[in-house]
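A.B. asks:
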Amino acid sequence: MKYLMHYLQTDMQKVILMGILAALMIGLSIASPNFLSITNFTNVLLKVAIIVIIASAANLLMITGNFDLSVGAVLAFSGILHAYMSKHGVPVELSILITLIVAMAWGGVNALTVSVLGINPVIATVGTLFIARGFAFLIARWDGGANIMMGLPRDFVDFGRDPVFGLVPLAIVVMVAAVAIFIFIEKRTALGRKAYAIGANLKSAKLSGINTVGIVALLYVLVGLFAGLSGVLQTSRVGLASPTVGKGLEFDVIVAIILGGTSMLGGVGSTFGMVLGALVVGFTANGMVLLGIPFYYQTIAYGVILIGTLLLSQKFGTRAKA
Amino acid sequence: MQVQSKLMSLVKNQNFVLLLIFIALNVYFASATKSYFQVGNYFNMLTQNAALLFTAAAATLLMKTGNFDLSTTANLAFSGVLYAILAGMGLPLTLAALITLAAGSCFGVVNGLLVTRYDISPFIATLGMMFIGGGVALLICDGQSVRNGLPANFMGLMRSEVLGLPISILIAAVGVTVSWIMAEKTLIGKYAMAIGSNKNAAALAGINVDRVVMGLFILVALCASLAGIMTASRIGTGDPRVAEFFFMDVIVAIMLGGTPLTGGRGTVIGTVIAAMIVIVIGNGLNMLGILVFWQTVIKGVILIVAVTINEKFSFEKLRDQATPSKGDAGAGNGQTMEEWSLRRGNIL
Amino acid sequence: MTRTSDTIIEIRDIKKSFPGVKALKGVSFDVARGSVHCIVGENGAGKSTFIKILTGAQPASSGEIRLNGEPFAPYHVSDAIAQGISCLYQELNIVEDLSVEQNLSLGQEKHKFLFPKRADNLDKARSILANFDESIKLSDKVSNLSVAQKQIVEITRALVTDCSVLVMDEPTAALSLGETTKIMRVIERLRDSGMTIIYISHKLSEIFEIGDSVTVLRDGEMVATQPLKGMTQTDLVRLMLGKVVAEQYIPSTGARDETVLEVRDVSTRKLRDINFDLKKGEILGFYGLLGAGKTEVAEVLFGHDCRGEIRKDGNIINMKSERDALRSGFALVPEERREEGIFGLLGIAKNVPLMNMKTVMKNGLVSGKAERDLADKYIDMLQIAASNRNHPVALLSGGNQQKVVIAKCLNRDSDIILMDEPTRGVDIGAKQEIHNIIRDLANKGKSVVVFSSELQEITGLCDRIVLMYDGKVRETIENGENIDTDYILDVVAGKEA
Amino acid sequence: DKIVLGKIPYTLEHSYHQSIVEIFADHAEKYYGAETIVVDGQANSDTTLTAVENMISQGVDAIALHSPDIGMTATAVAKAHAAGIPITTTLIYPESKNAPHIAPQEALSSHRMGVVATEQWIAANPDKPVKVAILDFGGFEQVVALRTAPFVAGVKSIAPNAEVVAQQNGFGNTVKSMEIMLDILQANPDVNIIFGANDDMALGALAAAEQLGRGQMDNGVPLTEVIAGVDGGENAMIKIFDPSSSFKLTHGQVRDNARAEVDTMVAMVRGELPMDSWMEIPTLSQEIDYWNTSLAGAQRFLQENFSFDGSLEELLSN
Ligand SMILES: Nc1ncnc2c1ncn2[C@@H]1O[C@H](COP(=O)(O)OP(=O)(O)OP(=O)(O)O)[C@@H](O)[C@H]1O
Ligand SMILES: Nc1ncnc2c1ncn2[C@@H]1O[C@H](COP(=O)(O)OP(=O)(O)OP(=O)(O)O)[C@@H](O)[C@H]1O
Ligand SMILES: [Mg+2]
Ligand SMILES: [Mg+2]
């Protein structure tokens, strides 16, 4: 009981998110007869999976006080690269491997500019965004079109579509794994502890001998890796690689993270909260399409949820107010 | 002696590097394509980007306080559509513009309230408003651009000239100058800087932080709204999907110009030069006939390189690095209790 | 000395609670016009909280304040300023990115349509500033000043404002003797000109020097308000802590013959040819006035660039970064705890192990139990006052934050511990504890270097004392029973011997 | 002197527009020795107008504009005319109607697709009432006029009781369309005719259907639904001629459009055509579907319009 009270006090935002989620579930099951079904939940999870996979790494990155706006572009680039290589004779496994390495290299570029050179993450990662996105289009063009679909080998799509153990789609398995890994990192490893420390006070962290540059760099590389992995999963599932995918994904990722209670300045936040944030966004979008509401209301709803959740947690959260 | 020290301080100025980059780009484009270095082309660039220039200049003041506005694109689209709707209803254009500005400034009021009164971080508050405003813009015109019943002089605003200069350039010049005066000559600039550098200190010094921030949010919203009116009058229609990347351009210009996201530093001049760099690159690459995808790549590279040069190798920085100083990392990382409560989720 | 004895401020039953903490539990006292009214109490007693309420920086939960007989409930700092209450807060509240001049007038500028008018009190500011430290120019950017200089700028700012009540929360914590004395003189002058001053300090000598009456807070409650005349230091300490502490130099028990550190001809832009040795089990003190270069020495030993030679255990070491220094066996308690020491958002338990994660790891993983045990160990050892070990450190009082920083550093278990102003802003009870800890460390064979601008701390604690002046080591002396403080003051003030 | 033609495509992010630019430049070079300058409009009226202005200041001889917006088109045409530069529009024309317009007859083909799709569905599933789902670009009126409205009209001409149960913005994007179509099919499992306002969206809809175990035909006999798109690129064509996939119809026109643009522009430059009078130059947007188009026809279509150099048959066989 005491623990519960404590939880309510410190993690109001998560409680509110759970409340919203519950309200969504109840409301939608009443409003739409087709809401409560395994396929629908699978659909929502599949959609949310891409966001959550990237956000699990990006969340810890944001806890250090940094963020990455290039994830959408890296995702598109990776999808295209993987498709391009697979189409031109590289075995799918090898192609995935190379793609992931290249995706980490994109993360490496961010690591270099932001962490090593100390360039502001907004500009630096927007720069990467432009470059990666530009090359995504160029690769598709070199392949002779605006996207790559034809001539992809069978096992290219099988990778994304075959369920694991014949049950669960791969993307969902990867999502669960990513979340588990990062909850573990966050709770049980020195890396997690140090990431929080870096976000809480960079200077203190340096003076305490924490390898601030290295840790932030590592997280950028991981975010790149996860963005690449998402790109591979997505292209395989859709069976088509398009350089236009993932536009605005960076905002989806950041919104999920922030809804979950992570501070953009770093120091606080949790993977679990991020998952809740992503689910709220995912189910809202799902519900609105189920109910046939035009897309601009969806945009508005997105904004209202974002601001509303924070207002609510502001109001009910017991916060040390100055 | 005097001249020399003046010169030195110019060279040490961060904006000097930006200016060099700007000049270099101009020289390159002028030599690479004959259609670039022409008065008409410069007029074009300025007219096309007048709104960006004055909005970025005003938003520099806001960014100096450590706040920023992502909802400018939404505001621009909303205002353009609203202006066209009002004009199409037969309202006199001046009245339509005034009503639009009033409505557009509501973005600033809401942003400001969320940030100051409810302690929501500017990122979240204005991102939320970006979604909401963008949705509303589409909603009021049902997703279709507004052009029915527009009066003949609907585009008059952007067509008229004063003393041979397109009016949009004049508006930009006036807007930039006003922001510059506010930043450099009035207390607003100083207060903005103080708020961004150390909000607590500013508040404890008796500055009404909330009022300054609120005022600047409204100022930026007014600029974005005016930008919407100008864009509508330029393209001759109220288009809800216009200028998608306006907010990004504004923020990139400000940050490239030397104002960090956390505020406390920055100059309007720097922003304007940086904005001109971004504008010139876009125009020049088009003139060179470079494939749009390569343009994207080149823009990214230039962005990273420019900001690296600006942040790492400007003369001012080199001098600072020579002095082992312990004060530099401090800004923005202070940890008073007040700040803590702010940060715990509110600053997001 | 003309003193009107009427009351300027009446405080009635002020209460303030924060989530989980009752910071003030009903404080009532009167402040006499034209007096210097001191407030003392342990760290976390609620002094700063009270000041914030008085000056409108925070609202009270309940209670009433009357100013000149009128109810006074400032909603914002500017309300208090408008009523003639000017305040110098405990934590540095200065805008790094502005110049000294801009800081001095911040928030108080006279203006016409927001265009500032030329300040007329600039000359006054300049002369006050020059009185303290001539090297500070009005055009300097504040971020280029040292901590102490920033503090002086803040004091000057408080002094140039026209006010009838001046509140000062530990103005001298960062200052050395010279400046402190000057501030004492200024305060006396202001009081004589009729100003009321509310003064908070952990340095009791200051309280006795200038105070007229004192209010003692303990744990949010008011213990006493009484005139200082006739009180002794012991009386005051007893009121504050409920016990008596006395401090005097006790030499460390170790042998002190093994040299662990030799510093030879170390120079930086500020330091010139620094030479000294450090023995095993020794407490070495660095003393000097503001800007003498103490912090700079600490930084050099903690991995900053320098010329010259540093030998540890006889081997030359070459440190390029803080991490190198830590690896070479140094640990630092930095001067600015808020910016360099604590992780404010994190709880105590997460702060403590950060310099040495191994102490909470089991099989390569962080063990929650080890973490809790470690935190409890230090909370107990250093008597950190916190409601629980997950209490975010930013919400602790200044002195307790300092203890967390020390705990973090002790946990590193380094051979050589550098402590820059280890007890700044720490109450005298806690200071005693910290000193005991330092002595313990030395007795266990660690070497401690203490950099302090407080002479009492240096003479009460250190075995040997390095006297610095203007970036140079003037002299190194042995501490002992009859150490000549006047001589020390002459040396560090640069007087030729 | 060499003629310089300015071409402003809607956005180069889609293969349709990439192809049009390619054929345009080819044709201009081959037949008229003219040079082509391409500036991307990036699907944005602001950027597109900027491109027009810059081309005017560069002094091109004529401009071919594919604008995203009707109102802006009028402005662009007026600006070009004021500078004495001939301009053509395509798909989206200004209400001012004062310049030649290349008009692909999309509405006809969209209508016909509606008819064919419905006929096929009803023939195979006479007992299942027709339910239509549409993915569009979020309310662009031109898309309504040329694609979605005629398609629905075509459907209704066969099945008067047909119902549009869902219409959402697919953002012209395969992945987004797939996600949205999953939700649509969840809410309306009885949807049996799906129209994507371009092939990318139709492909997204197909991917969604496939994930749900639908998207299938029995040798061209509709089992689960019929999907139609627009453009006719090779990605779509492969699905259309795969007898087991439910994406079966599309229409498009690239070559004739591009050529008509170039021919009109050059004629205006040479003074053979007035530059400021309305003229509609129709081109056929060829309807292609599994049931009525031969593989050879499709192969030819791809070659002519998308510079396709492979063999459709070969692609289909593996
Ligand atoms: N914003 C806040 N939120 C929560 N607790 C607070 C806050 N501010 C102060 N406290 C708590 O109130 C108590 C009183 O703190 P205060 O800063 O007034 O102490 P102090 O007497 O000034 O101590 P010191 O001598 O160390 O400066 C402490 O326990 C502190 O942790
Ligand atoms: N951030 C800084 N930038 C520039 N100069 C500095 C900075 N910090 C200190 N200095 C200067 O370096 C000199 C030595 O400073 P240091 O901090 O080592 O002195 P100190 O003896 O520790 O005194 P204190 O801490 O009391 O100021 C001083 O003259 C000071 O003005
Ligand atoms: Mg205090
Ligand atoms: Mg010092």
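Residue numbers (the working numbering), protein chains in the order written: chain H, 1 to 322; chain G, 1 to 348; chain Y, 1 to 497; chain V, 1 to 318. All C-beta atoms, glycine included, are put in the ideal place defined by N, C-alpha and C. Remember, predicted model here, so these are calculated numbers, not experimental data.
Would you mind giving the Cβ-Cβ distance between Y/Ile-283 and Y/Ile-438, rounded to the nearest angstrom? I have them listed as a contact below 8 Å.
C.D. replies: So it is a contact: roughly 6 Å between Cβ atoms.
A.B. asks: Residues in the same chain with beta-carbon distance under 6 Å from H/Leu-28, minus the five sequence neighbours each way, listed in chain order, please.
C.D. replies: Taken in chain order, the residues that qualify are Phe-35, Gly-287.
A.B. asks: Do you know whose CA, among H/Ile-258, H/Trp-106, H/Ala-285, lies nearest H/Ala-268's CA?
C.D. replies: The sequence as given places Val at residue 268 of chain H; Ala does not occur at that position. Of the listed residues, the one whose Cα sits closest to H/Val-268 is H/Ile-258.
A.B. asks: Which partner residues does Y/Asn-315 have in the DSSP bridge list?
C.D. replies: Bridge partners of Y/Asn-315: Y/Lys-312.
A.B. asks: Quick check: the Cα distance between H/Gly-231 and H/Phe-41, rounded to an integer number of angstroms?
C.D. replies: Answer to the nearest angstrom: the Cα atoms are 22 Å apart.
A.B. asks: Please classify V/Gln-211: does DSSP put it in a helix, a strand, or coil?
C.D. replies: In the structure shown, V/Gln-211 sits in a helix (DSSP, three-state: H, G or I).
A.B. asks: How is the beta strand (DSSP E) around Y/Phe-330 delimited, first residue to last?
C.D. replies: Where Y/Phe-330 is concerned, the enclosing beta strand (DSSP E) stretches over 330-333.
A.B. asks: For H/Ile-98, which residues of its own chain have a beta-carbon under 6 Å away from its beta-carbon, when the five flanking residues on both sides are left out?
C.D. replies: For H/Ile-98, where only same-chain residues beyond five positions count, there are no Cβ hits under 6 Å.
A.B. asks: Tell me, please, whether the CB atom of G/Ser-71 is closer than 8 Å to any CB atom in chain V?
C.D. replies: No, G/Ser-71 lies away from the interface with chain V (no Cβ there is under 8 Å from its Cβ).
A.B. asks: Got a sec? Which residues, its chain only, sit under 6 Å from Y/Arg-531 by beta carbon, not counting five neighbours each side?
C.D. replies: Chain Y is shown only over 1 to 497; residue 531 of chain Y falls outside these bounds and no answer can be derived.
A.B. asks: For the structure I just gave you, are there three or more beta carbon pairs, one from the region 195-214 of chain G and one from the region 82-101 of chain G, closer than 8 Å?
C.D. replies: Contact between the region 195-214 of chain G and the region 82-101 of chain G is absent, because fewer than three Cβ pairs lie under 8 Å.
A.B. asks: What separation, rounded to the nearest whole angstrom, lies between the Cα atoms of Y/Lys-408 and Y/Asn-351?
C.D. replies: Using only the alpha carbons, I get a separation of about 7 Å.
A.B. asks: Report yes or no: do the region 23-38 of chain V and the region 255-273 of chain V share at least 3 C-beta pairs separated by less than 8 Å?
C.D. replies: Cβ pair count under 8 Å is three or more, so yes.
A.B. asks: Is any heavy atom of ligand 1 found at a distance shorter than 7 Å from the C-beta of G/Gly-149?
C.D. replies: The answer is no for G/Gly-149.
A.B. asks: I need the DSSP call for V/Ser-245, collapsed to helix, strand or coil.
C.D. replies: Of the three classes helix, strand and coil, the one that applies to V/Ser-245 here is strand, per DSSP.
A.B. asks: Between Y/Gly-398 and ligand 3, is there a pair consisting of the residue's CB and a ligand heavy atom that are separated by less than 7 Å?
C.D. replies: Correct: Y/Gly-398 has its Cβ closer than 7 Å to ligand 3.
A.B. asks: Ligand 6 and H/Leu-36: does the residue's C-beta get closer than 7 Å to at least one heavy atom of that ligand?
C.D. replies: Absent from the structure shown: ligand 6. Ligands present: ligand 1, ligand 2, ligand 3 and ligand 4.
A.B. asks: Taking only beta carbons into account, state which residues of the region 235-251 of chain G come closer than 8 Å to chain V, listed in chain order.
C.D. replies: Taking 8 Å as the Cβ-Cβ cut-off against chain V, the residues of the region 235-251 of chain G that qualify are Ile-235, Gly-236, Thr-237, Gly-238, Asp-239, Arg-241, Val-242, Ala-243, Glu-244.
A.B. asks: Name, please, each residue of chain H whose Cβ falls closer than 7 Å to the Cβ of V/Asn-169.
C.D. replies: Per Cβ cutoff of 7 Å: Phe-295.
A.B. asks: Would you say G/Asn-15 lies against chain V (beta-carbon separation less than 8 Å)?
C.D. replies: Not an interface residue.
A.B. asks: Excluding sequence positions up to five away, which residues of its chain have a Cβ less than 6 Å from the Cβ of H/Leu-222?
C.D. replies: Within the same chain, H/Leu-222 has close Cβ partners Ala-57.
A.B. asks: Closer than 9 Å, Cβ to Cβ, to anything on chain A: give me those residues from the region 175-204 of chain H, in chain order.
C.D. replies: In the displayed structure, chain A is absent; the protein chains listed are H, G, Y and V.
A.B. asks: Based on Cα-Cα distance, which residue from Y/Lys-137, Y/Gly-429, Y/Val-27, Y/Leu-332 lies nearest to Y/Gly-242?
C.D. replies: Nearest of Y/Lys-137, Y/Gly-429, Y/Val-27, Y/Leu-332 to Y/Gly-242, Cα basis: Y/Gly-429.
A.B. asks: At a CB distance below 8 Å, what residues from the region 121-146 of chain G approach chain V? Give them in sequence order.
C.D. replies: Those would be Leu-138, Asp-142, Gly-143, Gln-144, Ser-145, Val-146, in chain order.
A.B. asks: How long is the line joining the alpha carbons of Y/Ser-135 and G/Glu-311, rounded to whole angstroms?
C.D. replies: The straight-line gap from Cα to Cα measures roughly 29 Å.
A.B. asks: Please specify which runs of the beta strand (DSSP E), each continuous and at least 3 residues long, are wholly inside the region 369-450 of chain Y, giving them in chain order.
C.D. replies: Runs found: 416-420.
A.B. asks: Hey, out of G/Ile-195, G/Arg-234, G/Met-230, whose CA is closest to G/Gly-263's CA?
C.D. replies: Per the Cα distances, G/Ile-195.
A.B. asks: For a quick check, are the C-beta atoms of V/Glu-95 and V/Ala-74 less than 8 Å apart?
C.D. replies: Cβ atoms of V/Glu-95 and V/Ala-74: closer than 8 Å.
A.B. asks: Report the residue ranges of all alpha helix (DSSP H) runs contained in full by the region 131-166 of chain V; include only those spanning at least 4 residues, in chain order.
C.D. replies: The region 131-166 of chain V contains these whole alpha helix (DSSP H) runs: 149-158.
A.B. asks: Would H/Asn-122 and G/Met-255 be called neighbours here (beta carbons separated by less than 8 Å)?
C.D. replies: What sits at residue 122 of chain H in the sequence shown is Val, not Asn. Yes. Within cutoff.
A.B. asks: Closest to Y/Gln-248 by CA distance: which of Y/Thr-459, Y/Ser-28, Y/Ile-11 is it?
C.D. replies: When only C-alpha atoms are compared, the closest one is Y/Thr-459.
A.B. asks: Express the C-alpha separation of H/Ile-20 and G/Leu-62 in angstroms, rounding to a whole number.
C.D. replies: Approximately 33 Å between the Cα atoms of the pair.
A.B. asks: Nearest-angstrom Cα distance between Y/Ala-255 and Y/Gly-281?
C.D. replies: Going by the C-alpha atoms only, they are around 7 Å apart.
A.B. asks: Taking Cβ to Cβ, would you say Y/Leu-92 is nearer than 8 Å to G/Ser-197?
C.D. replies: Result no, Cβ atoms of Y/Leu-92 and G/Ser-197 do not sit closer than 8 Å.
A.B. asks: Between which residues of its own chain and Y/Glu-258 is the CB-CB distance below 7 Å, once the five residues before and five after are set aside?
C.D. replies: These residues qualify, in order along the chain: Lys-279, Lys-280.
A.B. asks: In chain Y, what lies closer than 8 Å to G/Lys-185 by C-beta?
C.D. replies: Simply Phe-115.
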